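Residue numbers (the numbering used here), protein chains in the order written: chain A, 1 to 114; chain B, 115 to 224.
Data first, discussion second: the structure below is written as C-alpha cells.
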Amino acid sequence: DGGITQSPKYLFRKEGQNVTLSCEQNLNHDAMYWYRQDPGQGLRLIYYSQIVNDFQKGDIAEGYSVSREKKESFPLTVTSAQKNPTAFYLCASSIAVLSYNEQFFGPGTRLTVL
Amino acid sequence: GDSVTQMEGPVTLSEEAFLTINCTYTATGYPSLFWYVQYPGEGLQLLLKATKADDKGSNKGFEATYRKETTSFHLEKGSVQVSDSAVYFCAQGGSEKLVFGKGMKLTVNP
Chain A
1 DGGITQSPKY
11 LFRKEGQNVT
21 LSCEQNLNHD
31 AMYWYRQDPG
41 QGLRLIYYSQ
51 IVNDFQKGDI
61 AEGYSVSREK
71 KESFPLTVTS
81 AQKNPTAFYL
91 CASSIAVLSY
101 NEQFFGPGTR
111 LTVL
Chain B
115 GDSVTQMEGP
125 VTLSEEAFLT
135 INCTYTATGY
145 PSLFWYVQYP
155 GEGLQLLLKA
165 TKADDKGSNK
175 GFEATYRKET
185 TSFHLEKGSV
195 QVSDSAVYFC
205 AQGGSEKLVF
215 GKGMKLTVNP
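Put into C-alpha cells, the structure is as follows:
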C-alpha cells in the first residue's frame, strides 16, 4: 500500500533538547510538507520541499530545520530554539508543488516537551 | 495574503440531521478548493475538491459547490451519521501551497 508514514506517534522530549521527527513516503511524490497543528489554530506550514536537496521556509520556520537527501524522506528537527514545541506535527506530500494538487497526509506525531 | 474563513464550532448534531459548514476564501483568480476531514488522532484525508467555478465536489454523501460570485465553498450533507464525527478543514490552493481554515469540530450523537 502506498502512503506516508510518520514515526514515532508520540514523542516526549526534555526542554533544551533537539528532536527529529521522521516522515517517509512511497507515493513517488516530488513535493513534501511539514505542518504544525495546535488547538483552534488549524494547520500552519513549517517547511516544504519541491524536490530533492531543495526546501523553502513556510510561515513558521523559526526553531525548525529540515533536510531532503532522498525523494522518499523529509525529516523535521525541532531545535531547542523553538520556544513552544508541544504540538501535533503532520507531514504531507503531493505530486508537485502546484495549487491544484491534492496533498496526502501522514498519521502525525504528537510531540510533548516536559 | 490568501486566507480561508470557515465556521469554527464546535458543533453537535443528532444523527440524520442536516449539516452545513460555511467556507469563504479571499484569493484572486481561480484557486482550487478542498475539504479535508480529520478523524480523532489521525492525519487529514481529502474529502472532496473542486478546481473551477461551478464545479461540485462530492464524496460519502458530502457535497460542496465552487461559487466564484460569493467566493464560497460550503460543505453540506443531508443526513449525518455518528461516524461523521471529526474535524473538517476547508483549504484553497495558493501559488505553491495550500491555505487552510482553522477547522471545525463536528460531533454527531446517536
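Positions of the beta carbon are idealized from the N, C-alpha and C atoms, including for glycine.
A quick note: this is a predicted structure, and the numbers were derived from the prediction, not measured.
- Message: Against chain A, with Cβ distances strictly below 8 Å, would B:Leu-160 count as a contact?
- Response: Answer yes: the Cβ-Cβ gap between B:Leu-160 and chain A drops below 8 Å somewhere.
- Task: Determine the chain B residues that contact A:Tyr-64 at a beta-carbon separation under 9 Å, and present them in chain order.
- Result: Under the 9 Å cutoff, chain B gives no residues; its nearest Cβ is about 16 Å from A:Tyr-64.
- Item | Assigned secondary structure, B:Ser-197 (DSSP; H/G/I helix, E/B strand, else coil) | It is helical.
- Considering only residues of the same chain and omitting the five flanking positions on each side of B:Tyr-153, which have a CB-CB separation below 7 Å? Hits under 7 Å: Ala-200.
- Query: How is A:Thr-109 classed by DSSP in three states: helix, strand or coil?
  - Reply: When DSSP states are grouped into helix, strand and coil, A:Thr-109 belongs to the strand group.
- Expressed to the nearest angstrom, what Euclidean distance is found between the alpha-carbon atoms of A:Thr-5 and A:Arg-36? A:Arg-36 has its alpha-carbon roughly 16 Å from the corresponding atom of A:Thr-5.
- Helix, strand or coil for A:Glu-15 per DSSP? DSSP places A:Glu-15 in coil when its eight states are reduced to three.
- Item | Within-8 Å CB hit, A:Phe-124 to chain B | In the structure as shown, chain A starts at 1 and stops at 114, and residue 124 of chain A therefore has no counterpart that could be examined.
- Under 6 Å Cβ to Cβ from A:Ser-65, same chain only, skipping five residues before and after it: list those, please. The residues are Thr-77.
- How about A:Glu-102: is its C-beta nearer than 8 Å to some C-beta of chain B? At least one chain B Cβ lies under 8 Å of A:Glu-102.
- Listed from N- to C-terminal order along the chain, which residues in the region 199-223 of chain B have their beta-carbon within a distance smaller than 7 Å of any beta-carbon of chain A? Under the 7 Å Cβ criterion, the region 199-223 of chain B contributes Phe-203, Gly-207, Gly-208, Ser-209, Glu-210, Lys-211, Leu-212, Phe-214, Gly-215, Lys-216, Gly-217.
- For A:Phe-12, does the count of other Cβ atoms within 10 angstroms reach 16, so buried, or fall short, so exposed? A:Phe-12 counts as exposed, since fewer than 16 other C-beta atoms from the protein chains shown sit within 10 angstroms of its C-beta.
- Message: I'd like to confirm the pairing. Which residues does DSSP put opposite B:Met-121 in its beta bridges?
- Response: B:Met-121 pairs with nothing; no bridge assigned.
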